[in-house]
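Per the working numbering, the sequence shown runs over residues 184 to 506.
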Amino acid sequence: MKALFAAAAALVLSAGSTLAQGYPTKPITLVVPFAAGGPTDVIARIVAEPMSRTLGQQIVIENVAGAGGTTGTTRVATAAPDGYTIMMGHMGTHGAAPALYPKLKYDPTKDFEAIGMAAGTPILLVAKKDLPPKDLKEFMTFAKAQGDKMNLAHAGVGSVSHTTALLLNNQLGIKPSQVPYRGTGPAMNDLVAGQVDFMTDQIVNVVSQVKAGSIKAYAIATPARSPALPDVPTTKEAGMPDYQVSAWNALFAPKGTPTDVTAKLSDALFKALADENTRKRLLELGGVLPEKDQQTQAWLKGFVAEEVARWTPVIKAAGATAE
Ligand code: ASP
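Take a look at the structure:
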């Protein structure tokens, strides 16, 4: 009997180690905490394809939208830490959300294992194509005169588009009405249709629409113009030099996911970012690829802590919370 138990224990042990060794042995779920078609979803799909080739398993995208991305992020924070549920987070879910949701059910700095940075995403101020202002200076005057008659689209409280609009409104002293969506993919559809007036969003969502002339871009909130949209001026050039803000998307696993598993995922991500076709797709959409020294799990972990610390006072100063 004793021997049987010993044998069973040995079996369990060896099953445990081969689990990590043979990982992955089944499809991996990649949670996108926003609707399909938006920046987080697009970046997730671009990197998932080459990652799944490296890992030899399918990566299935699951869109779990709601509450500015915090619904899907909470789901992943409490998922089994076995490497089969991971997520594409961003500056909102893993930076701004704690300051906006005092009762947030996860801590971005404690409840996740960092896998790696996927892409930096500059923020642009974009508007429906028929909005009267021709440039940023005109927009500033127009927005102040309109008061709450203007409306802005965002992806829910705590999202990138919400947080960056909060900053814009605060700097301009304006209070437009807010129209929340389950992601900026659907928000963009309404901007193109002229249902909403403006939005501040991640570059990957706006490049093709700006190029097609279906929306207009007033400025990019980074120190330099983007090679993906060379005609769009910076906020500094266009008259709002203090509006400087950039976002990012990165992969995370639930806390406690074995280190050899997250190392495999991280390796697959950075191999993906070295793949020529993947780089081209991200760069064409204006994504900023992480530098070599930013391509580690440790770098992302430190960066998330910096982002939470950076956003908390900014949001407090803007006087906003979700609850
Ligand atoms: N860009 C979005 C945000 O504002 C979300 C999305 O990726 O759809 O947070």
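The beta carbon of each residue, even a glycine, is placed where N, CA and C say it ideally should be.
Per-residue burial, residue i [other beta carbons within 10 Å of its own, 16 or more giving buried]
{"i": "G366", "result": "buried"}
{"i": "A500", "result": "exposed"}
{"i": "D224", "result": "buried"}
{"i": "V195", "result": "Low confidence applies here, because V195 scores a pLDDT of 45, under 50, leaving its location unreliable; read the following figure in that light. It counts as exposed."}
{"i": "Q241", "result": "exposed"}
{"i": "T324", "result": "exposed"}
{"i": "Q378", "result": "exposed"}
{"i": "V487", "result": "buried"}
{"i": "A407", "result": "exposed"}
{"i": "K447", "result": "buried"}
{"i": "S449", "result": "buried"}
{"i": "G502", "result": "exposed"}
{"i": "N460", "result": "exposed"}
{"i": "T442", "result": "exposed"}
N-terminal and C-terminal residue of the beta strand (DSSP E) that residue i is part of
{"i": "V269", "result": "It is worth fixing the name first, because residue 269 is Ile in this sequence and not Val. Run containing I269: 268-273, per the beta strand (DSSP E) assignment."}
{"i": "Q385", "result": "381-385"}
Beta carbon of residue i nearer than 7 angstroms to that of residue j
{"i": "D380", "j": "K438", "result": "no"}
{"i": "H273", "j": "V387", "result": "no"}
{"i": "T304", "j": "T347", "result": "no"}
{"i": "G252", "j": "P207", "result": "no"}
{"i": "G255", "j": "V214", "result": "yes"}
{"i": "A402", "j": "L472", "result": "no"}
{"i": "M423", "j": "L319", "result": "yes"}
{"i": "P369", "j": "A218", "result": "yes"}
{"i": "P210", "j": "T440", "result": "no"}
{"i": "K454", "j": "T237", "result": "yes"}
{"i": "L152", "j": "A433", "result": "Summary: the structure shown does not reach residue 152, with the chain confined to residues 184 through 506, and so no result is reported for it."}
{"i": "A302", "j": "G470", "result": "yes"}
Alpha helix (DSSP H) segment containing residue i, residue limits
{"i": "H345", "result": "343-355"}
{"i": "N460", "result": "459-467"}
{"i": "P441", "result": "P441 -> no alpha helix (DSSP H), and no H or E assigned at all."}
{"i": "A395", "result": "390-395"}
{"i": "F217", "result": "No alpha helix (DSSP H) holds F217; DSSP gives it neither H nor E."}
{"i": "P369", "result": "367-375"}
{"i": "P496", "result": "480-501"}
Whole-Å CB distance - residue i paired with residue j, under 8 angstroms assumed
{"i": "V393", "j": "L412", "result": "6 angstroms"}
{"i": "L314", "j": "K419", "result": "No, L314 and K419 are not in contact; Cβ-Cβ is about 22 angstroms, not under 8 angstroms."}
Q: Go through the region 272-332 residue by residue and report every complete run of the beta strand (DSSP E) that reaches 3 residues or more, in order.
A: 295-311
Q: Tell me the start and end of each unbroken alpha helix (DSSP H) in the region 226-272 that is at least 4 residues and wholly inside, in chain order.
A: 253-260
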